[in-house]
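Enquirer:
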Amino acid sequence: MEKKDNQVGAISARQEAVFSFLGLEAIALIVFGFAGATGLTILRAFSVCLALFLYPLAKNRLSLKAIGKADLLYLIPIGLLPFFLSFSSFHLAISGSSVSFALDGFVTCLGFFGVGLLGFFLSLLPRLKKVYILYGVVGALALLVLITFLYSLFAYGPFYTVRYAGQVYYYDGVVFPIESEGKFLDGFTFVEVTLYYAKTASVLLACSGVGLFALFFNRLGKKEAWALGVAASIGLLDLLFAPFLRGLLIVFAVYVVGLLSVLILKQRAKGEERAKKVDLVCKILFFVLLGLVVLGLILLFADSYLMGTGDGFLRKLPLIGTYFEEGGSLYRLEASISDILFSIDSADRRYLDFTSFLFGAGEAQVYDLRLFEFQILYQNGFIAFALLLYFVFFFIAKGYKALTKSSGENRLLLLSLLSIALGGFLYLSFCDSEMPLKHPSELDGIFSSHSSNVLPFTRGSVALLFAFAFGVVYCESLGDKEAVEPEAKPQGESEYTYKEVKIDE
0 MEKKDNQVGA
10 ISARQEAVFS
20 FLGLEAIALI
30 VFGFAGATGL
40 TILRAFSVCL
50 ALFLYPLAKN
60 RLSLKAIGKA
70 DLLYLIPIGL
80 LPFFLSFSSF
90 HLAISGSSVS
100 FALDGFVTCL
110 GFFGVGLLGF
120 FLSLLPRLKK
130 VYILYGVVGA
140 LALLVLITFL
150 YSLFAYGPFY
160 TVRYAGQVYY
170 YDGVVFPIES
180 EGKFLDGFTF
190 VEVTLYYAKT
200 ASVLLACSGV
210 GLFALFFNRL
220 GKKEAWALGV
230 AASIGLLDLL
240 FAPFLRGLLI
250 VFAVYVVGLL
260 SVLILKQRAK
270 GEERAKKVDL
280 VCKILFFVLL
290 GLVVLGLILL
300 FADSYLMGTG
310 DGFLRKLPLI
320 GTYFEEGGSL
330 YRLEASISDI
340 LFSIDSADRR
350 YLDFTSFLFG
360 AGEAQVYDLR
370 LFEFQILYQN
380 GFIAFALLLY
390 FVFFFIAKGY
400 KALTKSSGEN
410 RLLLLSLLSI
420 ALGGFLYLSF
430 CDSEMPLKHP
440 SELDGIFSSH
450 SSNVLPFTRG
460 SVALLFAFAF
470 GVVYCESLGD
480 KEAVEPEAKP
490 QGESEYTYKE
500 VKIDE
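The structure is reproduced here in structure tokens:
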């Protein structure tokens, strides 16, 4: 009996090792963007299959009772978000076919669930070191950034955004400024894209260095510290050698937030009473931030509504009014909101269009906004936008809870993943580029095929990275996981229970 149990344990260990390796490879290839758009489609399906295979190995580590009924209710909007991000009137309009729209939306939706569950289940596996999850993400980012960094140095040279400022080149008779573009590895081909799009991975990689703040709490191994330090340095060097000032400012902001997080954790460690006070202050700040965001959105939507019926009021305010005037940086934002609020009938009369407001614009008109949240509002509708905001604040709450419960390798993993997620959120909130391709005519290969120049956030690898990070962080927020082992029967005892029953019953 003991020999049989050992054999079963050995088989389980081998299965766990194999599926852990495949899971880490899957997330690494997703972050790397292997094989372009086609590769991401395949990897989404592969992640779903891996999550299904990992479930039997991970289920004994955590029961649904550990999550709690309240958390299960809180997770319902998170479960609805992938559906509304994957299907919308806008994506139906740009797909040109209801069949391709349905298939693309179905695979995209499954991909969000699969990658999120993959992160959750990998965090549950006891034999998988948490630092390997970090290596999978950061290693893929480092390889991608290093390849594009070296190729950009070869193509442009160092400091090209300064050296070639104001200079242009011609391609197919069209003028392109050099300072606003960069090289990007799309599948197996280098393409010219906007500078904002090209430096996304570099910003994420540079932000991962916040994980080194774990040295304030624990003595990390030299291998972990060096690996993370070198990887983050590659991202910083790529931003410096461009140079890309806006990206560097966002990285600096993430490091400041990381340092504040370390100070908060240090204060919590001074005693239970101090921890309660710190938690109370953080909770107040959380709800103040939530209130400010809601108030700002109410004003923005009200002004966009008035803009569609007449004249808005924000442009009349001092200091910020110029940003909302025609030609201002926020004018296009209000115009995009107004476009989904109102439609024009055959008699040129404007009317409120609740369908486009709730489910996205019904026309294939594109606004290349710099704020990905409002790109989602325009493309996927208000329901997806509201669910996204819920996801962001839920992520913040669970991230704080996970950090307070973490230690050692777990804290290193969480600091790095949370800083990558924060860096990606801030960067895409100011530097999003969903029409990045400079020369779309070059993208005719099977591994780099795009139906148009529009590359929505919901179809990219960064969105999947957010889903993976959420799965890991949510799992770690549950605290210590206890293995739930089935009760063993004594040797020779039957697994069935017998009871005496009268013959006339």
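Residue numbers (numbering that gives the first Met the number 0): 0 to 504. The beta carbon of each residue, even a glycine, is placed where N, CA and C say it ideally should be.
#1: Which one of F89, L109, G115 has the shortest CA to CA distance from P513?
#2: Could you tell me whether the Cβ atoms of A360 and I339 are closer together than 8 angstroms?
#3: Can you give, in chain order, each stretch of the alpha helix (DSSP H) that sits fully within the stretch 327-413 and has at least 4 residues?
#4: Which of the three DSSP states, helix, strand or coil, is assigned to P81?
#5: How is K182 classed by DSSP in three states: helix, strand or coil?
#6: Does the beta-carbon distance from H200 to L117 come in below 8 angstroms?
#7: Helix, strand or coil for L318, going by three-state DSSP, please let me know.
#8: Assuming V47 and L109 are in contact, meaning their beta carbons sit under 8 angstroms apart, how far apart are those beta carbons, in whole angstroms?
#9: For the alpha helix (DSSP H) containing P55, list its first residue and its last residue.
#10: Which residue or residues does DSSP assign as beta-bridge partners of P176?
#11: In chain order, what residues of the same chain lie with their CB nearer than 6 angstroms to the CB of I445, ignoring the 5 residues before and after it?
#12: To which residues does DSSP link V192 through a beta bridge?
#13: I want to know whether the stretch 74-93 touches the stretch 423-442 - three or more CB-CB distances under 8 angstroms.
#14: Would F45 pass as a contact of A25 if the rule is Cβ separation under 8 angstroms?
#15: Have a look at V137 and Y169 and give me their C-alpha separation to the nearest angstrom.
#16: So, A197 versus T147, is the Cβ gap smaller than 8 angstroms?
#17: Taking DSSP as the reference, what is the three-state secondary structure of K269?
#18: Return the chain-ordered ranges of every beta strand (DSSP E) run that is complete within the stretch 184-261 and spans a minimum of 3 residues.
#19: Could you check where the alpha helix (DSSP H) with D103 kicks off and where it finishes?
#20: Take G260 and list the residues in its own chain whose beta-carbon comes closer than 7 angstroms to its own, dropping the five residues that flank it on each side.
#21: With distances taken between CB atoms, is the gap from G32 to L21 smaller than 8 angstroms?
#22: Output yes if chain D places a C-beta closer than 8 angstroms to the C-beta of I41; else output no.
#23: Going by the beta-carbon positions, is the gap between G115 and F469 smaller than 8 angstroms?
#24: Would you mind stating whether A231 and G246 have Cβ atoms separated by less than 8 angstroms?
#25: Is the beta carbon of T354 sitting closer than 8 angstroms to the one on L84?
#26: For A224, collect the residues of the same chain with a Cβ closer than 8 angstroms to its Cβ; drop the 5 residues on either side in sequence, then sort them by chain order.
#27: Keeping to the same chain, check which residues put their C-beta closer than 8 angstroms to that of A482; ignore five residues upstream and five downstream.
#28: Whose CA, out of A396, F251, D70, lies closest to the CA of L279?
#29: Please report the Cβ distance between L421 and L370, rounded to the nearest whole angstrom; I am assuming they are in contact, meaning their Cβ atoms lie under 8 angstroms.
#30: Measure the alpha-carbon distance for S448 versus L436 and round it to whole angstroms.
#31: Spatial neighbours of S97 within its chain, please: CB distance less than 8 angstroms, with the 5 preceding and 5 following residues excluded, ordered by chain position.
#32: When you compare the CB positions of V277 and Q266, do they come within less than 8 angstroms of one another, or not?
Expert: Quick answer:
#1: Here the chain has residues from 0 to 504 only, and residue 513 is not among them.
#2: In the sequence shown, the residue the question calls residue 360 occupies position 361. In the sequence shown, the residue the question calls residue 339 occupies position 340. Yes, Cβ-Cβ distance for A360 and I339 is below 8 angstroms.
#3: 330-340, 353-358, 371-379, 381-404
#4: Counting from one through the sequence shown, the residue named residue 81 turns up at place 82. Helix.
#5: Locating residue 182 in the sequence shown gives position 183, counting from the first residue. K182: strand per DSSP, three-state reduction.
#6: Walking along the sequence shown from the start, residue 200 turns up at place 201. Walking along the sequence shown from the start, residue 117 turns up at place 118. Sequence check: residue 200 is Ala here, not His. Going by C-beta atoms, A200 is not nearer than 8 angstroms to L117.
#7: Mapped onto the sequence shown, residue 318 falls at position 319. Of the three classes helix, strand and coil, the one that applies to L318 here is coil, per DSSP.
#8: On the sequence shown, position 48 is the one that residue 47 refers to. On the sequence shown, position 110 is the one that residue 109 refers to. Indeed they touch by this definition, with Cβ atoms about 5 angstroms apart.
#9: Along the sequence shown, read from residue 1 onward, the residue named residue 55 stands at position 56. It spans 35-57 - the alpha helix (DSSP H) in which P55 sits, taken as one unbroken run.
#10: Numbered from 1 along the sequence shown, position 177 holds the residue referred to as residue 176. Answer by DSSP bridge pairing, in chain order: V167.
#11: For this step, residue 445 is matched to residue 446 along the sequence shown. In this predicted model, I445 has a pLDDT of only 38, less than 50, meaning its place in the structure is not dependable enough to derive any value.
#12: Sequence index remark: in the sequence shown, residue 192 carries index 193 (1-based). Answer is G181, L436, bridged to V192.
#13: no
#14: The residue given as residue 45 occupies position 46 in the sequence shown. The residue given as residue 25 occupies position 26 in the sequence shown. In this structure, A25 lies closer than 8 angstroms to F45 by Cβ.
#15: On the sequence shown, residue 137 is found 138 positions in, with the first residue counted as 1. On the sequence shown, residue 169 is found 170 positions in, with the first residue counted as 1. Each residue's Cα considered, the two are about 37 angstroms apart.
#16: Position 198 of the sequence shown, counting from 1, holds the residue named residue 197. Position 148 of the sequence shown, counting from 1, holds the residue named residue 147. Contact: yes.
#17: Within the sequence shown, the letter at position 270 stands for residue 269. K269 falls in the coil class under three-state DSSP.
#18: 188-193
#19: Start at 1 with the first residue of the sequence shown, and residue 103 comes out as number 104. Here the alpha helix (DSSP H) through D103 covers 97-123.
#20: Translated into positions along the sequence shown, residue 260 becomes position 261. Checking the sequence, you will find Ser at residue 260 rather than Gly. Correct list, in chain order: L402.
#21: Residue mapping note: residue 32 aligns to position 33 of the sequence shown, counting from 1. Residue mapping note: residue 21 aligns to position 22 of the sequence shown, counting from 1. No, Cβ-Cβ distance for G32 and L21 is not below 8 angstroms.
#22: Among the chains of the structure shown, chain D does not appear; only one protein chain is present.
#23: What you label residue 115 is simply residue 116 of the sequence shown in a count that begins at 1. What you label residue 469 is simply residue 470 of the sequence shown in a count that begins at 1. In this structure, F469 lies closer than 8 angstroms to G115 by Cβ.
#24: One-based indexing of the sequence shown puts residue 231 at position 232. One-based indexing of the sequence shown puts residue 246 at position 247. Against a cut-off of 8 angstroms, the Cβ pair of G246 and A231 comes out as no contact.
#25: Here residue 354 refers to the residue found at position 355 of the sequence shown. Here residue 84 refers to the residue found at position 85 of the sequence shown. In this structure, L84 does not lie closer than 8 angstroms to T354 by Cβ.
#26: If you number the sequence shown from 1, residue 224 lands on position 225. Here the set comprises L211, L214.
#27: Along the sequence shown, read from residue 1 onward, the residue named residue 482 stands at position 483. Low confidence applies to A482: its pLDDT is 48, below 50, so where it sits in the model is not reliable, and the reading given next is rough at best. Counting only Cβ-Cβ distances below 8 angstroms, and skipping sequence neighbours, we find N59, R60, P125.
#28: The residue given as residue 279 occupies position 280 in the sequence shown. The shortest Cα separation from L279 among A396, F251, D70 belongs to A396.
#29: Along the sequence shown, one-based indexing puts residue 421 at 422. Along the sequence shown, one-based indexing puts residue 370 at 371. So it is not a contact: roughly 16 angstroms between Cβ atoms.
#30: For this step, residue 448 is matched to residue 449 along the sequence shown. For this step, residue 436 is matched to residue 437 along the sequence shown. Note that S448 scores a pLDDT of 45, beneath 50, so its modelled location is shaky; the value from the coordinates is reported in the next line. Going from the Cα of S448 to the Cα of L436 covers about 12 angstroms.
#31: Translated into positions along the sequence shown, residue 97 becomes position 98. These residues qualify, in order along the chain: L91.
#32: Mapped onto the sequence shown, residue 277 falls at position 278. Mapped onto the sequence shown, residue 266 falls at position 267. Yes.
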